[in-house]
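See below for the structure under consideration.
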Amino acid sequence: MEQESQLTRLGLFDARVPRYTSYPTAPHFKPTVGAADFTRWVQEIPAGAAISLYMHVPFCRRLCWFCACRTQGTQSDAPVRAYADVLLQELDLLKARLAPGVRLSRLHWGGGTPTLMPPDMMRRVAGAVFDAFPLAEGAEFSVEIDPNEIDEARMDALAEAGLTRASIGVQDFDPEIQKTIGREQSFEITAQAIRMIRDRGIASLNTDILYGLPHQTPQKIADSIQKLMALSPDRIALYGYAHVPWMAKRQVMIPDDTLPDAQARLRLFEVARDLLVADGYDEIGIDHFARPGDGLAVAQRAGLLRRNFQGYTDDLAQALVGMGASSISRFPQGYAQNAPATGAYTKAIREGRFSTTRGHVFTDEDNWRARMIEALMCDFRISAEEFIRDHGFTQAALAALFAPVKEEFGDMVQLDDSGLSIPEPGRPLTRMIARRFDGYEMEAKGHSPAI
1 MEQESQLTRL GLFDARVPRY TSYPTAPHFK PTVGAADFTR WVQEIPAGAA
51 ISLYMHVPFC RRLCWFCACR TQGTQSDAPV RAYADVLLQE LDLLKARLAP
101 GVRLSRLHWG GGTPTLMPPD MMRRVAGAVF DAFPLAEGAE FSVEIDPNEI
151 DEARMDALAE AGLTRASIGV QDFDPEIQKT IGREQSFEIT AQAIRMIRDR
201 GIASLNTDIL YGLPHQTPQK IADSIQKLMA LSPDRIALYG YAHVPWMAKR
251 QVMIPDDTLP DAQARLRLFE VARDLLVADG YDEIGIDHFA RPGDGLAVAQ
301 RAGLLRRNFQ GYTDDLAQAL VGMGASSISR FPQGYAQNAP ATGAYTKAIR
351 EGRFSTTRGH VFTDEDNWRA RMIEALMCDF RISAEEFIRD HGFTQAALAA
401 LFAPVKEEFG DMVQLDDSGL SIPEPGRPLT RMIARRFDGY EMEAKGHSPA
451 I
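According to full-length UniProt numbering, the sequence shown is numbered sequentially starting from 1.
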(Lines of atoms letter the chains of each structure in order from A; the text may use other names.)
(Lines give C-alpha, C1' and ligand atoms only; values in the text may rest on other atoms or scores of the structure.)
Protein backbone atom coordinates (compact mmCIF):
# COMPACT_ATOMS: atom_id res chain seq x y z
CA MET A 1 0.00 0.00 0.00
CA GLU A 2 2.91 2.36 0.71
CA GLN A 3 4.25 1.87 -2.82
CA GLU A 4 0.80 2.50 -4.31
CA SER A 5 0.45 5.72 -2.32
CA GLN A 6 3.83 6.87 -3.64
CA LEU A 7 2.80 6.01 -7.19
CA THR A 8 -0.43 7.92 -6.65
CA ARG A 9 1.44 10.96 -5.36
CA LEU A 10 3.72 10.91 -8.41
CA GLY A 11 0.73 10.85 -10.76
CA LEU A 12 1.00 7.34 -12.23
CA PHE A 13 -2.74 6.70 -12.16
CA ASP A 14 -3.64 9.91 -13.98
CA ALA A 15 -0.81 10.19 -16.54
CA ARG A 16 -1.03 9.44 -20.25
CA VAL A 17 2.35 9.09 -21.95
CA PRO A 18 3.85 7.56 -25.12
CA ARG A 19 4.78 3.90 -25.32
CA TYR A 20 8.10 5.02 -26.83
CA THR A 21 8.38 2.49 -29.61
CA SER A 22 9.94 5.43 -31.48
CA TYR A 23 11.48 8.79 -30.67
CA PRO A 24 10.23 11.24 -31.58
CA THR A 25 6.81 9.61 -31.52
CA ALA A 26 4.62 9.39 -34.63
CA PRO A 27 2.41 12.43 -33.78
CA HIS A 28 5.51 14.57 -34.40
CA PHE A 29 6.03 13.30 -37.96
CA LYS A 30 5.65 16.03 -40.61
CA PRO A 31 4.79 16.07 -44.34
CA THR A 32 8.18 17.68 -44.99
CA VAL A 33 9.57 14.13 -45.41
CA GLY A 34 8.48 12.56 -48.69
CA ALA A 35 9.29 9.94 -51.30
CA ALA A 36 12.52 11.68 -52.35
CA ASP A 37 13.87 11.44 -48.79
CA PHE A 38 12.84 7.79 -48.50
CA THR A 39 14.53 7.00 -51.84
CA ARG A 40 17.75 8.75 -50.84
CA TRP A 41 17.87 7.00 -47.47
CA VAL A 42 17.32 3.62 -49.13
CA GLN A 43 20.12 4.32 -51.61
CA GLU A 44 22.49 5.24 -48.76
CA ILE A 45 22.20 1.79 -47.14
CA PRO A 46 25.68 0.28 -47.64
CA ALA A 47 26.25 -2.65 -49.99
CA GLY A 48 26.10 -5.95 -48.13
CA ALA A 49 24.27 -4.49 -45.14
CA ALA A 50 21.64 -6.43 -43.21
CA ILE A 51 18.26 -4.71 -42.93
CA SER A 52 14.96 -5.48 -41.24
CA LEU A 53 11.86 -5.63 -43.49
CA TYR A 54 8.27 -5.20 -42.31
CA MET A 55 5.33 -5.94 -44.62
CA HIS A 56 1.92 -4.66 -43.55
CA VAL A 57 -1.28 -6.45 -44.61
CA PRO A 58 -4.16 -4.21 -43.44
CA PHE A 59 -7.08 -6.58 -44.08
CA CYS A 60 -9.12 -8.50 -41.51
CA ARG A 61 -12.12 -10.81 -41.91
CA ARG A 62 -13.68 -9.00 -38.95
CA LEU A 63 -12.72 -5.80 -37.16
CA CYS A 64 -12.05 -6.31 -33.46
CA TRP A 65 -13.47 -3.46 -31.40
CA PHE A 66 -10.45 -3.13 -29.09
CA CYS A 67 -7.94 -2.72 -31.93
CA ALA A 68 -6.46 0.68 -32.80
CA CYS A 69 -4.39 -0.53 -35.79
CA ARG A 70 -4.86 0.63 -39.38
CA THR A 71 -7.09 -2.17 -40.71
CA GLN A 72 -10.09 -2.69 -42.98
CA GLY A 73 -12.56 -5.52 -43.28
CA THR A 74 -13.06 -7.80 -46.27
CA GLN A 75 -15.15 -10.92 -46.81
CA SER A 76 -13.43 -11.93 -50.06
CA ASP A 77 -9.87 -12.63 -51.16
CA ALA A 78 -10.01 -10.23 -54.12
CA PRO A 79 -8.81 -7.08 -52.28
CA VAL A 80 -6.07 -9.09 -50.57
CA ARG A 81 -4.80 -10.47 -53.88
CA ALA A 82 -4.84 -7.02 -55.47
CA TYR A 83 -2.97 -5.60 -52.49
CA ALA A 84 -0.35 -8.38 -52.65
CA ASP A 85 0.32 -7.44 -56.28
CA VAL A 86 1.02 -3.88 -55.15
CA LEU A 87 3.34 -5.11 -52.39
CA LEU A 88 5.33 -6.99 -55.03
CA GLN A 89 5.54 -3.82 -57.15
CA GLU A 90 6.81 -1.94 -54.11
CA LEU A 91 9.36 -4.71 -53.56
CA ASP A 92 10.62 -4.20 -57.14
CA LEU A 93 10.96 -0.44 -56.53
CA LEU A 94 12.91 -1.13 -53.36
CA LYS A 95 15.20 -3.73 -54.92
CA ALA A 96 16.07 -1.39 -57.80
CA ARG A 97 17.32 1.27 -55.38
CA LEU A 98 19.20 -0.79 -52.83
CA ALA A 99 22.93 -1.43 -53.14
CA PRO A 100 24.08 -4.93 -54.10
CA GLY A 101 24.23 -7.68 -51.52
CA VAL A 102 21.70 -6.30 -49.03
CA ARG A 103 20.37 -9.12 -46.84
CA LEU A 104 17.57 -9.49 -44.33
CA SER A 105 18.19 -9.82 -40.60
CA ARG A 106 14.43 -9.88 -39.96
CA LEU A 107 11.31 -10.27 -42.08
CA HIS A 108 7.98 -9.69 -40.36
CA TRP A 109 4.47 -9.84 -41.82
CA GLY A 110 2.02 -7.90 -39.69
CA GLY A 111 -1.40 -6.40 -39.93
CA GLY A 112 -4.25 -6.69 -40.00
CA THR A 113 -4.29 -10.40 -40.66
CA PRO A 114 -1.47 -11.62 -42.92
CA THR A 115 -2.90 -15.14 -42.73
CA LEU A 116 -5.87 -14.00 -44.79
CA MET A 117 -3.56 -14.59 -47.76
CA PRO A 118 -4.29 -17.88 -49.54
CA PRO A 119 -1.41 -20.39 -49.65
CA ASP A 120 -0.39 -19.62 -53.23
CA MET A 121 -0.16 -15.92 -52.41
CA MET A 122 1.95 -16.58 -49.31
CA ARG A 123 4.38 -18.62 -51.40
CA ARG A 124 4.49 -15.96 -54.09
CA VAL A 125 5.16 -13.06 -51.72
CA ALA A 126 7.75 -14.93 -49.65
CA GLY A 127 9.50 -16.20 -52.78
CA ALA A 128 9.71 -12.70 -54.23
CA VAL A 129 11.14 -11.29 -50.99
CA PHE A 130 13.83 -13.94 -50.70
CA ASP A 131 14.70 -13.68 -54.39
CA ALA A 132 15.29 -9.97 -53.85
CA PHE A 133 16.99 -10.18 -50.47
CA PRO A 134 18.46 -13.40 -49.08
CA LEU A 135 18.37 -14.02 -45.36
CA ALA A 136 21.48 -13.18 -43.37
CA GLU A 137 22.98 -15.71 -40.99
CA GLY A 138 20.76 -16.07 -37.93
CA ALA A 139 17.88 -14.18 -39.60
CA GLU A 140 14.28 -14.60 -38.52
CA PHE A 141 11.05 -14.72 -40.52
CA SER A 142 7.98 -14.05 -38.36
CA VAL A 143 4.27 -13.75 -39.13
CA GLU A 144 1.26 -12.65 -37.09
CA ILE A 145 -1.18 -15.58 -37.14
CA ASP A 146 -4.88 -15.31 -36.33
CA PRO A 147 -6.07 -18.70 -35.03
CA ASN A 148 -9.47 -17.98 -36.59
CA GLU A 149 -7.79 -17.46 -39.98
CA ILE A 150 -5.33 -20.32 -40.34
CA ASP A 151 -5.57 -23.87 -41.65
CA GLU A 152 -3.27 -26.74 -42.55
CA ALA A 153 -2.67 -25.50 -46.11
CA ARG A 154 -1.72 -22.00 -45.06
CA MET A 155 0.51 -23.30 -42.26
CA ASP A 156 2.22 -25.59 -44.78
CA ALA A 157 2.87 -22.60 -47.04
CA LEU A 158 4.38 -20.56 -44.20
CA ALA A 159 6.54 -23.45 -43.02
CA GLU A 160 7.76 -24.14 -46.55
CA ALA A 161 8.60 -20.45 -46.94
CA GLY A 162 10.91 -20.70 -43.92
CA LEU A 163 8.86 -19.30 -41.05
CA THR A 164 10.97 -19.31 -37.86
CA ARG A 165 8.77 -17.37 -35.42
CA ALA A 166 4.97 -17.30 -35.14
CA SER A 167 3.07 -14.59 -33.29
CA ILE A 168 -0.45 -15.05 -31.94
CA GLY A 169 -2.70 -12.47 -30.33
CA VAL A 170 -4.63 -13.92 -27.39
CA GLN A 171 -5.92 -10.77 -25.59
CA ASP A 172 -7.86 -12.82 -22.98
CA PHE A 173 -9.52 -16.24 -22.92
CA ASP A 174 -12.57 -15.18 -20.88
CA PRO A 175 -15.75 -15.48 -23.06
CA GLU A 176 -17.42 -12.38 -21.59
CA ILE A 177 -14.34 -10.26 -22.22
CA GLN A 178 -13.94 -11.63 -25.73
CA LYS A 179 -17.54 -10.82 -26.59
CA THR A 180 -17.21 -7.28 -25.22
CA ILE A 181 -14.07 -6.52 -27.25
CA GLY A 182 -15.36 -8.16 -30.44
CA ARG A 183 -12.69 -10.86 -30.53
CA GLU A 184 -14.11 -14.34 -29.95
CA GLN A 185 -11.23 -16.82 -29.98
CA SER A 186 -11.52 -19.88 -27.77
CA PHE A 187 -8.68 -21.56 -25.93
CA GLU A 188 -9.32 -24.67 -28.04
CA ILE A 189 -8.93 -22.93 -31.40
CA THR A 190 -5.81 -21.14 -30.14
CA ALA A 191 -4.32 -24.43 -28.94
CA GLN A 192 -5.12 -26.01 -32.32
CA ALA A 193 -3.25 -23.24 -34.16
CA ILE A 194 -0.26 -23.67 -31.86
CA ARG A 195 -0.25 -27.41 -32.46
CA MET A 196 -0.08 -26.72 -36.21
CA ILE A 197 2.87 -24.40 -35.61
CA ARG A 198 4.76 -26.83 -33.39
CA ASP A 199 4.03 -29.84 -35.61
CA ARG A 200 5.88 -28.12 -38.45
CA GLY A 201 9.01 -27.58 -36.41
CA ILE A 202 8.59 -23.81 -36.06
CA ALA A 203 10.63 -23.40 -32.94
CA SER A 204 9.64 -20.00 -31.61
CA LEU A 205 6.21 -18.75 -30.55
CA ASN A 206 5.24 -15.25 -29.42
CA THR A 207 1.89 -14.42 -27.86
CA ASP A 208 0.21 -11.15 -26.87
CA ILE A 209 -2.19 -10.79 -23.95
CA LEU A 210 -3.82 -7.62 -22.62
CA TYR A 211 -4.56 -6.22 -19.18
CA GLY A 212 -7.04 -3.43 -18.53
CA LEU A 213 -9.79 -4.99 -20.65
CA PRO A 214 -13.52 -4.60 -19.93
CA HIS A 215 -14.85 -6.91 -17.19
CA GLN A 216 -11.32 -8.08 -16.43
CA THR A 217 -10.64 -9.07 -12.80
CA PRO A 218 -7.55 -10.48 -11.08
CA GLN A 219 -9.13 -13.95 -11.11
CA LYS A 220 -9.97 -13.74 -14.81
CA ILE A 221 -6.52 -12.60 -15.86
CA ALA A 222 -4.93 -15.25 -13.64
CA ASP A 223 -7.04 -17.91 -15.36
CA SER A 224 -6.08 -16.60 -18.82
CA ILE A 225 -2.38 -16.44 -17.94
CA GLN A 226 -2.43 -20.00 -16.61
CA LYS A 227 -4.10 -21.23 -19.81
CA LEU A 228 -1.57 -19.31 -21.86
CA MET A 229 1.37 -20.80 -19.97
CA ALA A 230 -0.07 -24.27 -20.64
CA LEU A 231 0.59 -23.54 -24.34
CA SER A 232 4.29 -22.87 -23.57
CA PRO A 233 4.97 -19.74 -25.64
CA ASP A 234 8.62 -18.70 -25.74
CA ARG A 235 7.82 -15.00 -25.50
CA ILE A 236 4.81 -13.13 -24.09
CA ALA A 237 3.90 -9.47 -24.51
CA LEU A 238 1.68 -8.23 -21.67
CA TYR A 239 0.29 -4.98 -23.07
CA GLY A 240 -1.99 -2.51 -21.37
CA TYR A 241 -5.19 -1.97 -23.34
CA ALA A 242 -5.39 1.66 -24.52
CA HIS A 243 -8.98 2.88 -24.67
CA VAL A 244 -8.82 5.78 -27.15
CA PRO A 245 -12.24 5.89 -28.87
CA TRP A 246 -11.59 9.46 -30.08
CA MET A 247 -8.77 7.99 -32.22
CA ALA A 248 -10.00 4.42 -32.85
CA LYS A 249 -13.70 4.91 -33.60
CA ARG A 250 -14.58 1.22 -33.30
CA GLN A 251 -13.71 1.34 -29.60
CA VAL A 252 -16.97 3.20 -28.96
CA MET A 253 -18.49 -0.30 -29.03
CA ILE A 254 -16.78 -0.96 -25.67
CA PRO A 255 -18.71 0.64 -22.77
CA ASP A 256 -16.51 2.90 -20.64
CA ASP A 257 -18.13 1.68 -17.42
CA THR A 258 -16.88 -1.89 -18.01
CA LEU A 259 -13.21 -0.84 -17.87
CA PRO A 260 -11.05 -1.19 -14.75
CA ASP A 261 -9.67 2.01 -13.23
CA ALA A 262 -5.95 2.81 -13.15
CA GLN A 263 -5.31 1.24 -9.73
CA ALA A 264 -7.10 -1.93 -10.86
CA ARG A 265 -4.98 -1.96 -14.05
CA LEU A 266 -1.82 -2.02 -11.95
CA ARG A 267 -3.14 -4.94 -9.88
CA LEU A 268 -4.06 -6.85 -13.06
CA PHE A 269 -0.54 -6.35 -14.41
CA GLU A 270 1.01 -7.47 -11.14
CA VAL A 271 -1.08 -10.64 -10.98
CA ALA A 272 -0.07 -11.58 -14.53
CA ARG A 273 3.58 -10.67 -14.00
CA ASP A 274 3.90 -12.65 -10.78
CA LEU A 275 2.46 -15.77 -12.41
CA LEU A 276 4.79 -15.51 -15.41
CA VAL A 277 7.89 -14.96 -13.29
CA ALA A 278 6.94 -17.86 -11.02
CA ASP A 279 6.71 -20.06 -14.12
CA GLY A 280 10.30 -19.23 -15.09
CA TYR A 281 9.88 -16.38 -17.54
CA ASP A 282 12.41 -13.55 -17.44
CA GLU A 283 11.01 -10.01 -17.28
CA ILE A 284 12.00 -8.07 -20.39
CA GLY A 285 11.64 -4.31 -20.12
CA ILE A 286 8.28 -2.98 -18.99
CA ASP A 287 5.86 -5.46 -20.56
CA HIS A 288 7.54 -8.51 -22.14
CA PHE A 289 8.43 -11.91 -20.71
CA ALA A 290 10.63 -14.58 -22.28
CA ARG A 291 12.08 -17.98 -21.54
CA PRO A 292 15.76 -17.66 -20.54
CA GLY A 293 16.92 -19.13 -23.86
CA ASP A 294 14.80 -16.82 -26.01
CA GLY A 295 16.60 -14.18 -28.07
CA LEU A 296 15.10 -11.32 -26.07
CA ALA A 297 16.33 -12.72 -22.76
CA VAL A 298 19.78 -13.37 -24.22
CA ALA A 299 19.92 -9.82 -25.62
CA GLN A 300 18.84 -8.32 -22.31
CA ARG A 301 21.57 -10.13 -20.39
CA ALA A 302 24.13 -8.95 -22.96
CA GLY A 303 22.94 -5.32 -22.85
CA LEU A 304 21.82 -5.54 -26.49
CA LEU A 305 18.06 -5.24 -26.08
CA ARG A 306 16.49 -2.64 -28.38
CA ARG A 307 13.02 -1.17 -28.99
CA ASN A 308 11.19 -0.44 -32.24
CA PHE A 309 7.68 -0.32 -33.67
CA GLN A 310 7.15 -4.02 -32.93
CA GLY A 311 8.14 -3.48 -29.28
CA TYR A 312 11.26 -5.10 -27.82
CA THR A 313 13.70 -6.70 -30.22
CA ASP A 314 17.15 -8.27 -30.41
CA ASP A 315 17.56 -7.05 -34.00
CA LEU A 316 20.53 -4.70 -34.36
CA ALA A 317 20.00 -3.75 -38.02
CA GLN A 318 20.55 -0.04 -38.65
CA ALA A 319 17.59 0.20 -41.05
CA LEU A 320 14.03 -1.08 -40.73
CA VAL A 321 12.15 -0.71 -44.02
CA GLY A 322 8.36 -0.73 -43.86
CA MET A 323 6.32 -1.86 -46.85
CA GLY A 324 2.57 -1.51 -47.33
CA ALA A 325 -0.03 1.09 -46.41
CA SER A 326 0.78 3.08 -43.22
CA SER A 327 4.11 1.27 -42.65
CA ILE A 328 6.89 3.23 -40.95
CA SER A 329 10.57 2.90 -41.84
CA ARG A 330 13.45 3.83 -39.62
CA PHE A 331 16.81 4.81 -41.10
CA PRO A 332 19.88 6.32 -39.42
CA GLN A 333 18.74 9.60 -41.01
CA GLY A 334 15.13 9.56 -39.80
CA TYR A 335 11.61 8.10 -40.04
CA ALA A 336 9.45 7.77 -43.16
CA GLN A 337 5.80 6.68 -43.18
CA ASN A 338 3.82 5.38 -46.15
CA ALA A 339 0.39 6.76 -47.01
CA PRO A 340 -2.02 5.40 -44.36
CA ALA A 341 -4.96 4.94 -46.75
CA THR A 342 -4.73 1.82 -48.91
CA GLY A 343 -6.01 3.72 -51.96
CA ALA A 344 -3.37 6.45 -51.76
CA TYR A 345 -0.62 3.90 -51.12
CA THR A 346 -1.75 1.77 -54.08
CA LYS A 347 -1.96 4.76 -56.45
CA ALA A 348 1.60 5.85 -55.67
CA ILE A 349 3.12 2.40 -56.13
CA ARG A 350 1.26 1.77 -59.38
CA GLU A 351 2.61 5.06 -60.67
CA GLY A 352 6.13 3.80 -59.98
CA ARG A 353 6.93 5.91 -56.92
CA PHE A 354 7.17 5.32 -53.19
CA SER A 355 4.17 6.42 -51.12
CA THR A 356 5.96 8.27 -48.28
CA THR A 357 3.71 11.04 -46.98
CA ARG A 358 5.38 12.14 -43.74
CA GLY A 359 8.28 11.48 -41.41
CA HIS A 360 11.03 13.09 -39.39
CA VAL A 361 14.71 13.93 -39.98
CA PHE A 362 16.84 13.23 -36.91
CA THR A 363 18.87 15.94 -35.24
CA ASP A 364 21.88 15.22 -33.02
CA GLU A 365 19.66 16.00 -30.02
CA ASP A 366 17.05 13.50 -31.25
CA ASN A 367 19.71 10.81 -31.37
CA TRP A 368 20.94 11.18 -27.78
CA ARG A 369 17.45 11.66 -26.37
CA ALA A 370 16.21 8.60 -28.29
CA ARG A 371 19.03 6.51 -26.88
CA MET A 372 18.39 7.69 -23.31
CA ILE A 373 14.72 6.81 -23.59
CA GLU A 374 15.50 3.44 -25.16
CA ALA A 375 18.04 2.68 -22.42
CA LEU A 376 15.44 3.37 -19.73
CA MET A 377 12.77 1.33 -21.52
CA CYS A 378 15.11 -1.62 -22.10
CA ASP A 379 17.55 -1.62 -19.17
CA PHE A 380 16.01 0.80 -16.63
CA ARG A 381 19.37 2.58 -16.64
CA ILE A 382 21.17 5.41 -18.43
CA SER A 383 24.90 4.75 -18.34
CA ALA A 384 27.02 7.88 -17.85
CA GLU A 385 29.99 6.08 -19.43
CA GLU A 386 28.03 5.41 -22.64
CA PHE A 387 26.90 9.01 -23.09
CA ILE A 388 30.31 10.47 -22.28
CA ARG A 389 31.89 8.06 -24.79
CA ASP A 390 29.32 8.09 -27.59
CA HIS A 391 27.58 11.46 -27.37
CA GLY A 392 30.18 13.86 -26.01
CA PHE A 393 28.55 14.57 -22.66
CA THR A 394 30.53 15.63 -19.63
CA GLN A 395 29.82 14.28 -16.17
CA ALA A 396 28.63 17.75 -15.16
CA ALA A 397 26.23 18.02 -18.12
CA LEU A 398 24.70 14.65 -17.29
CA ALA A 399 24.36 15.60 -13.63
CA ALA A 400 22.50 18.76 -14.64
CA LEU A 401 20.18 16.73 -16.91
CA PHE A 402 19.47 14.09 -14.28
CA ALA A 403 19.02 16.36 -11.26
CA PRO A 404 15.42 17.51 -12.03
CA VAL A 405 14.38 13.89 -12.61
CA LYS A 406 15.81 12.86 -9.26
CA GLU A 407 14.09 15.81 -7.60
CA GLU A 408 10.71 14.90 -9.11
CA PHE A 409 10.79 11.13 -8.57
CA GLY A 410 12.86 10.90 -5.38
CA ASP A 411 13.62 7.34 -4.28
CA MET A 412 11.92 5.96 -7.39
CA VAL A 413 15.16 6.72 -9.25
CA GLN A 414 18.77 6.21 -8.20
CA LEU A 415 21.49 8.67 -9.19
CA ASP A 416 25.27 8.42 -8.83
CA ASP A 417 28.39 8.94 -10.94
CA SER A 418 27.62 5.79 -12.99
CA GLY A 419 24.33 7.24 -14.22
CA LEU A 420 20.60 7.18 -13.52
CA SER A 421 18.63 4.01 -12.88
CA ILE A 422 15.13 2.93 -11.90
CA PRO A 423 14.98 0.43 -9.01
CA GLU A 424 12.26 -2.21 -8.86
CA PRO A 425 9.67 -0.14 -6.92
CA GLY A 426 9.87 2.66 -9.48
CA ARG A 427 9.49 0.58 -12.63
CA PRO A 428 5.77 1.19 -13.06
CA LEU A 429 6.83 4.83 -13.60
CA THR A 430 9.30 4.02 -16.40
CA ARG A 431 7.34 5.66 -19.22
CA MET A 432 6.76 8.76 -17.09
CA ILE A 433 10.47 8.98 -16.27
CA ALA A 434 11.34 8.48 -19.94
CA ARG A 435 8.98 11.36 -20.75
CA ARG A 436 11.31 13.69 -18.82
CA PHE A 437 13.97 13.07 -21.49
CA ASP A 438 11.55 13.82 -24.36
CA GLY A 439 12.30 17.20 -25.90
CA TYR A 440 8.95 17.55 -27.70
CA GLU A 441 5.65 18.97 -26.56
CA MET A 442 3.01 16.31 -26.03
CA GLU A 443 -0.76 16.27 -26.03
CA ALA A 444 -1.57 13.75 -23.32
CA LYS A 445 -4.95 12.81 -24.80
CA GLY A 446 -3.28 11.15 -27.77
CA HIS A 447 -1.46 8.59 -25.66
CA SER A 448 -2.24 5.57 -23.51
CA PRO A 449 -2.38 5.40 -19.70
CA ALA A 450 1.02 5.27 -18.01
CA ILE A 451 0.01 1.96 -16.42
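By construction, the Cβ of each residue, glycine as well, lies at the ideal position given by its N, Cα and C atoms.
Could you pull out every residue in the same chain whose Cβ sits closer than 8 angstroms to the Cβ of residue i, ignoring the five residues on either side in sequence?
| i | result |
| --- | --- |
| Val252 | Pro245 |
| Cys378 | Gly285, Gln300, Leu305, Arg306, Arg307, Tyr312 |
| Gln75 | Arg61 |
| Gly73 | Phe59, Cys60, Arg61, Arg62, Leu63 |
| Ala248 | Cys67, Ala68 |
| Gln414 | Leu420, Ser421, Ile422, Pro423 |
| Gln226 | Leu275 |
| Lys406 | Val413, Leu415, Leu420 |
| Val129 | Leu53, Met55, Leu91, Leu104, Leu107 |
| Gln310 | Thr21, Tyr54, His108, Gly110 |
Within its chain, find whatever has a CB closer than 6 angstroms to the CB of residue i; leave out the 5 residues flanking it on each side and keep chain order.
| i | result |
| --- | --- |
| Gly48 | Gly101 |
| Pro292 | Asp282 |
| Asp153 | Looking at the sequence shown, residue 153 is not Asp but Ala. Cβ within range, chain order: Pro119. |
| Val298 | none |
| Gly162 | Phe141 |
| Thr113 | Cys60, Asp146, Glu149 |
| Phe393 | Phe387 |
| Pro332 | Gln318 |
Do residue j and residue i have their beta-carbon atoms positioned less than 8 angstroms apart in this structure?
| i | j | result |
| --- | --- | --- |
| Ala336 | Ala348 | no |
| Val57 | Leu116 | yes |
| Arg353 | Lys30 | no |
| Met442 | Leu429 | no |
| Asn206 | Arg273 | no |
| Leu88 | Val125 | yes |
| Val271 | Pro214 | no |
| Pro449 | Gly240 | yes |
| Asp366 | Tyr23 | yes |
| Gly212 | Trp65 | no |
| Met323 | Glu90 | yes |
| Ile189 | Lys220 | no |
| Phe402 | Leu10 | no |
| residue 462 | Phe362 | Since the first residue of the chain shown is 1 and the last is 451, residue 462 is not available in this structure. |
| Phe13 | Gln192 | no |
Helix, strand or coil: how does DSSP classify residue i here?
| i | result |
| --- | --- |
| Phe380 | coil |
| Gln395 | helix |
| Trp246 | coil |
| Leu238 | strand |
| Ile51 | strand |
| Gly343 | helix |
| His215 | coil |
| Trp109 | strand |
| Arg103 | strand |
| Glu386 | helix |
| Asp416 | strand |
| Leu12 | coil |
| Leu210 | strand |
| Gln171 | strand |
| residue 491 | Since the first and last residues shown for the chain are 1 and 451, residue 491 lies out of range. |
| Gly426 | helix |
| Ile194 | helix |
Give me, in chain order, the residues of the same chain whose beta-carbon lies closer than 7 angstroms to that of residue i; leave out the 5 immediate sequence neighbours on both sides.
| i | result |
| --- | --- |
| Ser224 | Asp172, Phe173, Asp174, Ile209 |
| Gly419 | Arg381, Ile382, Ser383, Ala384 |
| Ala437 | For the sequence presented, residue 437 should be read as Phe rather than Ala. Arg369, Met372, Ile373. |
| Ala222 | Val271, Leu275 |
| residue 455 | Residue 455 cannot be examined here, being either before or after the span of the chain that is shown, 1 to 451. |
| Ile45 | Ile51, Leu98, Ala99, Val102, Ala319 |
| Tyr440 | Pro24, His28 |
Using DSSP bridges, identify the partner residues of residue i.
| i | result |
| --- | --- |
| Ala166 | Val143, Leu205 |
| Val405 | Bridge partners of Val405: none, in fact. |
| Tyr312 | Arg307 |
| Met323 | Met55 |
| Ala290 | Arg235, Asp282 |
| Arg358 | Gln337 |
| Val17 | Ser448 |
| Ser329 | Ala336 |
| Lys30 | Gly359 |
| Cys60 | Gly73 |
| Ser224 | Answer is none; Ser224 lacks a bridge partner. |
| Leu135 | Leu104 |
| Ser421 | Arg381, Gln414 |
Do the stretch 59-67 and the stretch 317-328 make contact, defined as three or more Cβ pairs closer than 8 angstroms? Counting Cβ pairs under 8 angstroms, fewer than three are found: no touch.
Cβ contact (3+ pairs, closer than 8 angstroms) linking the stretch 319-332 and the stretch 34-48: A contact exists between the stretch 319-332 and the stretch 34-48.
Contact between the stretch 250-264 and the stretch 228-236 (3+ Cβ pairs under 8 angstroms): Cβ pair count under 8 angstroms is below three, so no.
Three or more C-beta pairs below 8 angstroms linking the stretch 16-28 and the stretch 425-437: Enough Cβ pairs lie closer than 8 angstroms, so yes.
Would the stretch 122-141 count as touching the stretch 86-104 if we require 3 or more Cβ pairs under 8 angstroms? These segments touch.
I want to know whether the stretch 145-160 touches the stretch 191-205 - three or more CB-CB distances under 8 angstroms. At 8 angstroms Cβ cutoff, the stretches touch.
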